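Right, one structure below, let's go through it.
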Amino acid sequence: MSGIPFFKVVRQQDLKQFELLLQASRIASYLPGEIVLQKGESSNWLYFLLKGKLAVYVDQALKGDLVNYVTPGEVFGDLAQLMGQARTATVIADSSAKESMVLALDFNVFGPLNSISPISLQTKLAYYRNTAHNLRWKLEVYRSQHLQHELANKHRQIKLYLGPKDTYEELVSLHEQSQSLALLLLEWNKEFGVLSAETLDQNRNITARET
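Each residue of the sequence shown is one higher than the one before, counting from -5 in the working numbering.
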């Protein structure tokens, strides 16, 4: 669990909130070839890979184009959950791992955005801060690879929140930012395919060396 940034932050902030999230979660194991997510399904489950490796296909598993791999610590299923739409890809346990272990969180526990029970404002802020950060990072990677593309700078036009921190106003802003960023990412994905974990890792390493 320490490899999942969102859960790590919540555990540090509020152990009771961490336990609430665990109560709304389940752990599932998959053997090579087993389907984790099916394209076209509607679900409010959010997924985190704990162990193993998953393969992402744009159509049916092993038949459509393989567009990405999910590696431990990564969240997936978040775009469909955020946009309230059906799954846009099929995810299966990859043959390179003997077993893949997934943590599935029932996002219904979050309730309406303006509700602070049972999930607190601080926990929701932690989730949407992490979501907005991850989406902006992925969009920056696309931008670095396609500087002349018409979408290259659109995410930079989505304003950051500059008001009082730890407030409901910040939460609303982060939620709106995340939805706008997710729409842009879906546009990029449609044109170029989902960013691979290898590409993201390479860009993180380059950024780390530059700083």
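Using N, Cα and C, we set each Cβ at its ideal position, and we do this for glycine too. Bear in mind the structure is a predicted one, so any value in this text is a computation, not a measurement.
In the DSSP assignment, MET77 is bridged to no other residue.
Counting only residues of its own chain and dropping the five nearest sequence neighbours on each side, TYR122 has a CB closer than 7 Å to the CB of LEU165, LEU168, HIS169 and SER172. Looking at the backbone, the Cα of VAL69 and that of ASN108 are separated by about 24 Å.
Contact between GLN116 and GLN7 holds, since their C-beta atoms are separated by about 6 Å, short of 8 Å. A residue is called buried when at least 16 other Cβ atoms come within 10 angstroms of its Cβ; LEU133 meets this threshold and is buried. DSSP places LYS153 in no alpha helix (DSSP H); its state is neither H nor E.
For ALA91, no alpha helix (DSSP H) encloses it, and the DSSP letter there is neither H nor E. Note on the stretch 9 to 49: whole alpha helix (DSSP H) runs with a minimum of 4 residues are 9 to 17, in chain order. When the beta-carbon positions are compared, VAL85 and LEU44 stay at least 9 Å from each other. Bridge partners of VAL64 according to DSSP: LEU48. Beta-carbon to beta-carbon, GLY67 and ILE(-2) are separated by about 6 Å, close enough to satisfy the 8 Å threshold. Per DSSP, LEU145 lies in no alpha helix (DSSP H) and is assigned neither H nor E. Taking a 10 Å sphere around the C-beta of SER23, we find fewer than 16 other C-beta atoms and assign the residue as exposed. Shown here for SER90: same chain residues with a beta carbon closer than 6 Å to its own, the five before and five after excluded, namely LYS47 in chain order. In the DSSP assignment, MET95 forms a beta bridge with SER23 and LYS45. Sequence-distant Cβ neighbours of SER174 in its own chain, meaning closer than 7 Å and more than five residues away, are ILE152.
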